[in-house]
Amino acid sequence: FCGKDAKKAEPVAVSTKDAPSYNCFSKNETACKDAKAAPRPVCDWCVSDGGMGSCFSEDVSKYVPFCNKDAKKAEPAALITSDAPSYMCFSKNETTCKDAKACDWCVSDSGMGSCFSEDVAKYVPFCNKDAASKKADQAKLQPSAANMVGTTDGKVVASACPKYNASTACDQDDSCNWCKTSGIGTGCYPKRVADYLPGSLFTCDKPSDACVKQKTEDACGEEKGCSWCKTSGIGTGCYPEKVARKLPTKFFECDIEQAPAEEVKAQDFRAVSTSDAPSYTCFSKNETACKDAKACDWCVSDGGMGSCFSEDVAKYVPFCGKDAKKAEPAAVSTKDVPSYNCFSKNETACKDAK
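The opening residue of the sequence shown carries number 9 in the working numbering; numbering runs sequentially from there.
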């Protein structure tokens with residue numbers, strides 16, 4: 009919709025720290041016009057000949073013909089770095105987007121189509137096949153606190169898994185595992201997290217611990233080194249014996265002898281599995297106990313079902329609401345590029361995200 013003049017531009021490579029802010033794209037007319045003062049981003053409200061209004065950052069609006077006087081003053085060669093991505097993709101319709109080699113046409117769950125440059129599309133969750141075939145350069149992914157998955161030594165572990173929204177793309181990454189659940193928890197998890205999700209709630213594509221993936225008491229009993237543990241809350245399932253022995257008897261009843269409650273300490277419990285495994289103690293807690301526990305988060309799905317997750321796991325569970333916001337998935341893009349996770353949010357989640 010940027011007119012014939014827009015086609016004259018010659019796209020250039022990938023985004024750097026000098027790339028414009030993408031925050032303007034999400035603003036309505038009022039918010040866009042208000043974003044005129046420092047600090048940046050500074051936005052421009054532009055209306056096409058067809059009467060459609062859009063909000064662009066000043067860095068982009070300079071190249072959009074229908075942005076009036078600003079478009080005429082622009083001198084492209086002097087105003088963007090040689091590493092800036094092609095913004096011409098944003099102006100294309102479905103046909104011209106698919107014909108352009110450097111652009112990808114992406115359709116959101118709501119059915120809205122948008123044209124993104126390949127450099128941006130690889131980070132947009134609803135770009136499906138493009139996200140699967142053009143995985144982000146792993147070498148550029150930066151570790152962040154959001155990716156610290158149950159480590160006991162405090163070291164940050166980078167994970168690109170949360171950025172995949174399709175099982176194919178997720179499973180192609182050796183460090184990730186696509187896990188399904190009847191609730192709104194289906195998604196791509198770091199393998200170190202997926203390996204310890206309760207088999208009674210999650211079904212993952214890749215084999216995990218032989219015990220955890222058993223879904224019935226009989227199947228668990230047939231698996232060597234496994235124990236079936238029951239609890240009144242969410243968490244009944246098959247666990248490795250070394251884990252089952254440490255489950256608190258106050259909440260779990262296992263088919264092997266368990267350690268007395270007074271001998272079970274949180275730090276001991278975390279140590280019975282790999283150093284990267286999250287704490288299981290949260291899974292056994294009810295709402296009150298969960299909210300009182302510093303390392304646990306109470307999460308309620310859209311269906312109204314509540315579950316208690318360790319913070320290490322909760323940050324990857326979509327329906328963990330406010331707790332999910334604690335994660336800062338810097339690993340989905342390079343450290344200087346803004347997060348594209350906003351694209352995947354619905355209206356409520358988007359408005360809640362600062």
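Glycine residues also receive a C-beta, built at the ideal position from the N, C-alpha and C atoms.
Under the DSSP definition of a beta bridge, which residues are partnered with residue i?
i    : result
S34  : According to DSSP, which records beta bridges pairwise, S34 is partnered with nothing at all.
F210 : T189
F64  : D52
C304 : S318
K238 : E261
P198 : C184
C391 : Only positions 9 to 362 of the chain appear in this structure, which leaves residue 391 out of reach.
Report all residues from its chain with a CB closer than 7 angstroms to the CB of residue i; omit the five preceding and five following residues, and keep chain order.
i    : result
D182 : none
V55  : G61, F74
S122 : C114
A301 : C290, K293
S175 : W186, D213
D42  : none
Report, in whole angstroms, the separation of the C-beta atoms of residue i and residue j, which I expect to be a contact under 8 angstroms.
i    : j    : result
C237 : A218 : Wrong, their Cβ atoms sit about 15 angstroms apart, outside the cutoff.
S69  : D52  : 4 angstroms
D213 : N185 : 6 angstroms
A303 : S315 : Incorrect: roughly 15 angstroms between the Cβ atoms, too far for contact.
F259 : T239 : 5 angstroms
F33  : C63  : 6 angstroms
F124 : D107 : About 15 angstroms separates the two Cβ atoms, so there is no contact after all.
Y197 : C228 : The pair is not a contact, with the Cβ atoms about 22 angstroms apart (cut-off 8 angstroms).
V201 : V72  : No, V201 and V72 are not in contact; Cβ-Cβ is about 43 angstroms, not under 8 angstroms.
Which same chain residues end up closer than 6 angstroms to residue i when comparing Cβ atoms and leaving out the 5 residues on each side of it in sequence?
i    : result
P84  : Reliability of the predicted coordinates at P84 is poor, the pLDDT of 41 falling under 50, and the value obtained from them is presented with this limitation in mind. So no residue of the chain qualifies.
K188 : T194, T211
C40  : C51, W53, C63
L209 : T189
Quick one: what's got a C-beta closer than 8 angstroms to residue i's C-beta in the same chain, skipping five residues either side?
i    : result
A357 : none
I264 : S235, E249, A252, R253
E231 : A218, C219, Q222, C246
C135 : D112, C114, F124, A129
D179 : N185, W186, D213, K214
Can residue i be considered in contact with the ligand COA, in the sense that its beta carbon sits closer than 7 angstroms to one or more heavy atoms?
i    : result
C219 : Among the ligands in the structure shown, none appear at all, so the ligand COA cannot be discussed.
Quiz prompt | contact_flag[the stretch 288 to 308, the stretch 317 to 327] where n(CB pairs < 8 angstroms) is 3 or more | solution = The stretch 288 to 308 makes contact with the stretch 317 to 327: 3 or more CB pairs, one atom from each, lie closer than 8 angstroms.
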